[in-house]
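Visitor: Each residue of the sequence shown is one higher than the last, beginning at 282 in the numbering used here.
Don't be surprised by glycine CBs; every beta carbon is placed ideally from N, CA and C.
Here it is: the structure, laid out below.
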Amino acid sequence: MEEKAKLVVTVTECKLISETVKYFQFELIDGSLPEFSPGSHVTVSMQNGELQRSYSLLSAPTNTRFYAIAVHLNETSKGGSHYMHNNVKVGDTLDISEPENYFPLVENSTKKHILIAGGIGITPFLSYLHTLQKGAFDFELHYCFRQPNTAGFISELKEQLGDKLFLYNGAQQQRINIAELMSTIPADSHCYVCGPDSLIDEVIERGKKSFDDEYIHFEKFTESIQTGHAFDVHCKRSNITLRVEEDMSILQALEADARINIECLCRNGVCGTCETTILEGEAEHHDLYLSEEEQQEQSTMMVCVSRARSARLVLDL
Ligand code: FES
């Protein structure tokens, strides 16, 4: 599998911007960082690469001096957010991937752009705004959060966006009405959503009724685990057989076993990095990367989300 290019960066700024959101700035020790497209993310390697997490870039896409990310502390997690909040400090060196983008802004569209963010799902839109505010774009940002003291960027957004910004403060029982919002915008508007699965699912569900798929764009931060019947996966090259239980993914089974290292970025069936050749058996595809025809061919599958239809799969791993 093709290795992604790595950048070795220094942490040059690190500060809490709300009770649970920390802002980080990274610079190259020497030289300029690559430009990126709005909506890109980088994957940060932690604990000698054992832990990898992707974070949206919120700095300006043309800023090659530094990259900025913001990390929401998930209290129940002992993973990436815990590490970033408690271990990473100014002066540290980190390995990050080059920027990649699975959530691009449709920059060549003259139609309206509706951005819907839930909590830390605001971050990819912060890089969109650098572009949207410069061009003649018609757009609105709808930002929902549980409470202002744990959300980030509210005052900056108010200042920058004026009446293009709509805030929904959960602590004041302000809830976004997705059905109402989507029924009032033209069906050729581009609708982007990032945040909790429930918000994304609602936008997708509602969008299906009046929008073509190409107008609905989403990015999930959490791993989607598709449940189903348990099955065995035989990794032929490594001669290892693993059991994938009802509530785990093939990727999780591989990671728990730890003998096979498989590269994965999105963990949501979007990016294609975990694409694996099927040698025997039939996959139940849940990804958004392969076309319908490719899924029917049954020659490859995304092991982060797809499961087995047969009792056993043999994979080229
Ligand atoms: S990790 Fe992105 S498709 Fe599996």
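(1) Here's the rule: buried if 16 or more other CB atoms are within 10 angstroms of the residue's CB, otherwise exposed. What is T374?
(2) What's the call for Q576, buried or exposed, on a 16-neighbour Cβ count within 10 Å?
(3) My guess is that L596 and C516 are in contact by the Cβ rule of under 8 Å, so how many angstroms apart are they, rounded?
(4) I'd like the ranges of any alpha helix (DSSP H) spanning at least 4 consecutive residues and lying wholly in the stretch 450 to 530.
(5) With distances taken between CB atoms, is the gap from S378 to V323 smaller than 7 Å?
(6) Return the CA-CA distance between C295 and T391, expressed in angstroms with no decimal places.
(7) Is the stretch 528 to 548 touching the stretch 576 to 596 in the sense that three or more CB pairs, one from each, lie closer than 8 Å?
(8) Sort F307, S591 and R590 by Cα distance to G372 and report the nearest one.
(9) Relative to the C-alpha of P319, which residue among Y348, D568 and V352 is closest?
(10) Is the closest heavy atom of the ligand FES to the C-beta of C545 under 6 Å?
(11) Report all residues from its chain with a CB closer than 6 Å to the CB of T431; omit the five preceding and five following residues, and keep chain order.
(12) Is it true that the stretch 552 to 565 meets the stretch 475 to 489, where meeting means three or more beta-carbon pairs spaced less than 8 Å apart?
(13) By how many angstroms is the C-alpha of K303 removed from the C-alpha of L354?
(14) For the ligand FES, any of its heavy atoms closer than 6 Å to the Cβ of G320?
(15) Work out the CA separation of T345 and D568 for me, nearest whole Å.
(16) Closer than 6 Å: is that where the CB of M582 sits relative to any heavy atom of the ligand FES?
(17) Does at least one heavy atom of the ligand FES sit under 6 Å from the Cβ of R548?
(18) If we count the other Cβ atoms within 10 Å of its Cβ and call it buried at 16 or more, is A351 buried or exposed?
(19) Are there 16 or more other CB atoms within 10 angstroms of the CB of A589, so buried, or fewer, so exposed?
(20) How about T508: is its Cβ closer than 6 Å to a heavy atom in the ligand FES?
(21) In this structure, how does DSSP classify E437 when only helix, strand and coil are distinguished?
(22) Just checking G399 against the ligand FES - is the residue's beta carbon closer than 6 Å to any of the ligand's heavy atoms?
(23) Within the present structure, is the beta-carbon of G553 separated from the nearest heavy atom of the ligand FES by less than 6 Å?
(24) Measuring alpha carbon to alpha carbon, tell me which of G400, I397 and E388 ends up nearest K415.
(25) Who pairs with Q576 in a beta bridge, going by DSSP?
(26) Start and end of the alpha helix (DSSP H) containing F406?
Guide: In brief:
(1) exposed
(2) buried
(3) 6 Å
(4) 459 to 465 and 478 to 491
(5) yes
(6) 37 Å
(7) yes
(8) F307
(9) Y348
(10) yes
(11) S299, E300 and T301
(12) no
(13) 8 Å
(14) no
(15) 33 Å
(16) no
(17) yes
(18) buried
(19) buried
(20) no
(21) helix
(22) no
(23) yes
(24) E388
(25) BP columns for Q576 are empty, so no partner.
(26) T404 to L413
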